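Going by the numbering used here, the letters in the sequence shown line up with residues 228 to 1182, in that order. A virtual CB, placed ideally from N, CA and C, is assigned to each residue, including glycine. Because the structure is a prediction, the values reported are computed rather than measured. The next block holds one structure in the form of structure tokens; read it before the comments.
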Amino acid sequence: MKIRLSVTVAASALLLGLTAPAFAAPATAAAAAAAVQAPQGGVAVPPLGFARRVLPNGLEVYTARDADTSNVTVQVWYKVGSKDDPAGRSGFAHLFEHLMFKATKNLPPETFDRLTEDVGGSNNAFTADDTTAYFETVPANHLERMLFAEAERMGSLVVDEPTFVAERDVVKEEYRQRILANPYGRLFGLFVPETLYQESPYRRPGIGSIEELEASSLDDVLRFHATYYRPDNAYLIVAGNFDQAQLDRWIDQYFTPLKNPTTPLPANNVVEPEPTGPRDVTYHAPNVPLSAVVLGWPTVKYADADRAALTVLDGVLSTGESSRLYRSLVYDQQIAAQIGSNPDFAQQAGNLTALAIMAQGHTAEEGIAALNAEIAKLRDAPVTAAELAEAKNEIVANTLRSRETVDDRAVALGFALINTGDAAAADREIAQIQAVTVADVQRVARKYLTPQRQSTIRYLPADEQNPPSVQKMNVGAPVAVADLAPAGTPAVLLPEAERAALPQPGPEVAPSTPAVADFRLANGLRVLVAPTDGLPLVSARLSFDAGSSDDPSDKAGVAMLTAALLTQGTKTKSAPEIATEIEQLGAAVGAGAGVDFSNVYANAPVNAFPQTVALMADLVKNPTFAAEELERQQAQALDGLRVALSQPGSIASMTVGRVVYGDAPYGAPGSGTVQSVPTITPADVAAFHAARYRPSDATLVFSGDITPAAARALAQQAFGDWRPAGQAPAPTADPAGQPQPPRVIVVNQPGAGQAAVIAAIRGVSRTDADYFPLTVGNTLLGGGFSSRLNQEIRIKRGLSYGAGSSLGARADDGVFTASTQTKNETADEVAELILAEVAKLGAETPTQDDLAPRRATLIGGFGRSLETVDGLGSLVANLALYDLPMSDLAAYAGRIRAVTPEQVQAAFAEHLPINRASLVVVGDASLFLDDLRAKHPNLEVIEASDLNLNTGSLK
């Protein structure tokens, strides 16, 4: 996985913590020689295969039929993005994206969710520098309805003042969540782009600022739609199971009547000037647990011929644990907790950045020196042929993985169209990558990554002497509000009797589940095989009945560290050699531990899969758990905990475990604690592995382009000689422990950008008879955009970017949670809204109309999981882990449909009554404590610095 310097991805990666290394550097020559050679005759990436036509109004249409899916995706990519935000209105394109999900003249508000989620589909959108894209995936029989709806919002969007104000409040909460509450949100979302670009509109953040969002008006919105949301400024992409002739007729019917305005599109083609010299800046921010550094250089736009060489350079620099940055900064010097690089190519300009989040006790200056040294090596000497081959293999394999579904392929096409205007550009990318030479990589390093063109950014904790750096405001832009087209007569929602009728769905195209082969090896290893037709990819997942609930009581984190160390050395391979082999194969291999289970996983192109499984077996059977490798993993785990404990959401999640389970095994954080992780020894992880990683307690799942016979042969060859040492330990008794009394906990984090609010109740096991009624009820409560929690908290009140719930079933009693994040001042209000909605499900019987769309949501999500090899493998593995029959795969939809409203209400009343609910709120308590205490006088306040996750008391 790579850090991308967008706030969304960077924040998500950092939120997960740094316990598993994400990146790496080149192995030694001896290691490279010892590693397996990449398979010959590599897997080809099939062409996207879209047909193009242009409507008379200029709308470009691209379609691709796939009869192997039961779904269809409809995507509209508008050629307008955050670079087109008018001056003084940064964040406007993104705000407008939110408004596009409201009403049209024939569709009431929130209809898009009714047309997608409520029939088992999904919808979303994103705003980037150069585009705003909207996409839906629905059962194929709903295709006409989606075409009707997309044409509606292109031609007759309805926005009124209350809707505009409410959605603007939602975007403010998104800003607080992504920028202010995340310790690195300001760095990636604000400071990096404003530092790297001098004149380009790319220097403004896509999410904008609170102040400029407040400055926008309803008239601005209407003018923005009139200017940019027009047929000749969009691409319509349709992929999936459809009849081409019928599709063409529907597109002509709904899109051809749409007209373009007479006003031309505003000019926006800023040429970023060449840097006149290096830049060196330092920023400060609150709640930064580890200092960070970023080096950046302007490079090229997406369509430039040098993009391919820069992409390969990036692969050599930071992709995988054999990459140069990982090997140098994380593995050898151990000065960084996390590294990454990002080649960001856009329509008008591009940049490449290299970053390091420093390990505890190491300075930004050390990071800058180490990054500069690695960049200098790229300029001064050619990369090796082995490094070049690894980078190419990884890029090809990742491209294959990124095109598994019709949605994926449509997205690949959309990005190529936005950035080049040429649909064939996406199909040429692999050939361009394969043509890159060692000389090309050094040439682009020398041309673009020079000291004179470099920006150096330090990101440090704020203190009394260094207050938080502020976002740059009043940044100029090539487009002004005055350049926008007149708003014209605003569209209004027609009276119901006058609205055009929605098209009716066509005949259903039913998804199919594969037959699962089931057998055992002589050593007791269970093998399950779920073959599919599709891309030449195969997934393997080896799961064990052991997880963090099996950690010794005083050593939380043993299961996590055992899994992490599997890729860090075997009897015949060092950690760098393992990393090199994975990357030569173009494989994804890793391991992890959950509460009840641990697993080792692999995904590889079919030609590399036998060697990938052989490597996977070596990792499982022959780990060495070397002391120096444990020390590295402990340091990374501790840095990950420091990052997690700087964020309200992750603090709340870890606190909930102790609140619900106390000192029972389920209560301890699976990631360990700052106190427990350093106490774990090589003997602890070796003992855990010997006792818990046993073939008789394991299940190996193959899914994808593989036959049962081939899977049997691979399993026997790789694992047939595996024999456990000693007797199996007894399962951990009663991991959930005794029920705990409900508590209200406030963790005070002064200066927190938002408050996290979680209501939690001890729940049920996965095998409970009420699992399916609770699953349907949970989806009604907090599963999806149109769930009750999201309706009440986001849509009606604009108090959060999103709210949801999780059933959290486990092998023993699980933990049900309902949660969100909101501004600190409204934490008490949001807490009461959550509790009220949870209580309602146990007190009132929902209607059939309530449940029908929720059932469809679950069934549709299940069907989409079947369309990727990893998704299918995960479904099969989860059934096996809970000793459920494989027939449940085919029976899933029927069991969801059979749930009645009465069963939902009864299950919530019995298992999740509101009088058992605990409440955890993490944020700046000075802004909400008095109001919350008025409602919950027995609440407990714990300072974030005093929070003790080693005990159920939390103190």
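Membership of Phe-1089 in the alpha helix (DSSP H) is indicated by the continuous run 1075-1092.
Classified as buried, Gln-404 has 16 or more neighbouring CB atoms from the shown chains inside 10 Å of its CB. Under the three-state reduction of DSSP, Glu-804 is assigned to helix. Across the set Thr-343, Pro-493, Gln-863, Tyr-1119, the C-alpha of Pro-493 shows the shortest separation from the C-alpha of Asp-710. Assigned with DSSP and collapsed to three states, Glu-363 falls in strand. Straight through space, the alpha carbons of Ser-309 and Tyr-429 are spaced by roughly 8 Å.
Residue pairing by DSSP places Pro-525 opposite Asn-578 in a beta bridge. When only Cα atoms are considered, Val-756 and Ser-766 end up about 10 Å apart. With respect to the 8 Å criterion, Met-843 and Val-827 are classified as neighbours on the basis of their beta carbons. Proximity to Phe-642 across Ala-937, Gln-1132, Lys-800, Trp-304 peaks at Trp-304, based on C-alpha coordinates.
When beta bridges are read from the DSSP output, Tyr-686 appears opposite Tyr-510, Ala-519. Counting only the Cα atoms, Tyr-1028 lies some 5 Å from Val-397. In the three-state DSSP reduction, Gly-817 falls in the strand class (E or B). By DSSP's assignment, Leu-755 forms a beta bridge with Asp-745, Val-928. Runs of the alpha helix (DSSP H) spanning 4 or more residues and lying entirely within the segment 285-369 occur at 319-326, 338-342, in chain order. DSSP places Thr-1053 in the helix class (H, G or I) of the three-state scheme.
Its chain contains Pro-432, Gln-698 as the residues whose beta carbon lies nearer than 6 Å to that of Leu-417, once the 5 sequence neighbours on both sides are disregarded; these appear in chain order.
DSSP, read as helix, strand or coil, puts Arg-768 in strand.
By the C-beta density criterion, Glu-1094 is buried, having at least 16 other C-beta atoms within 10 angstroms. Shown here, Gly-867 sits in a helix according to DSSP, grouped into three states. Per DSSP, the unbroken alpha helix (DSSP H) holding Ile-595 starts and ends at 591-607. The C-beta separation of Ala-1058 from Val-1148 comes to about 6 Å, placing the pair in contact by the 8 Å criterion. Shortest Cα-Cα distance from Leu-342 to any of Leu-720, Phe-1012, Tyr-553 involves Phe-1012. When secondary structure is reduced to three states using DSSP, Arg-279 falls in the strand class. Taking a cut-off of 8 Å for Cβ pairs, the segment 874-882 and the segment 834-853 do not touch, as fewer than three such pairs fall below it.
Taking C-beta separations shorter than 8 Å and ignoring five residues to either side along the sequence, the partners of Pro-905 in its chain run Gln-861, Leu-865, following chain order.
The alpha-carbon of Asp-507 is positioned some 11 Å away from that of Val-520.
Taken through DSSP and simplified to helix, strand or coil, Arg-726 comes out as coil. Around the C-beta of Ser-317, 16 or more other C-beta atoms lie within 10 Å, and the residue is accordingly described as buried. For Asn-830, the enclosing beta strand (DSSP E) starts and ends at 825-832. Taking 4 residues as the minimum length, the alpha helix (DSSP H) runs contained wholly in the segment 436-477 are 437-442, 445-455, in order along the chain. For Val-543, the enclosing alpha helix (DSSP H) starts and ends at 534-545. Proximity to Arg-655 across Ala-581, Gly-953, Ala-666, Ala-639 peaks at Ala-639, based on C-alpha coordinates. Shown here, Ile-878 sits in a helix according to DSSP, grouped into three states.
In this structure the segment 279-295 does not touch the segment 331-346; the number of beta carbon pairs closer than 8 Å is below three. Note: Arg-1037 is bridge-paired with Ser-992 in the DSSP secondary-structure output.
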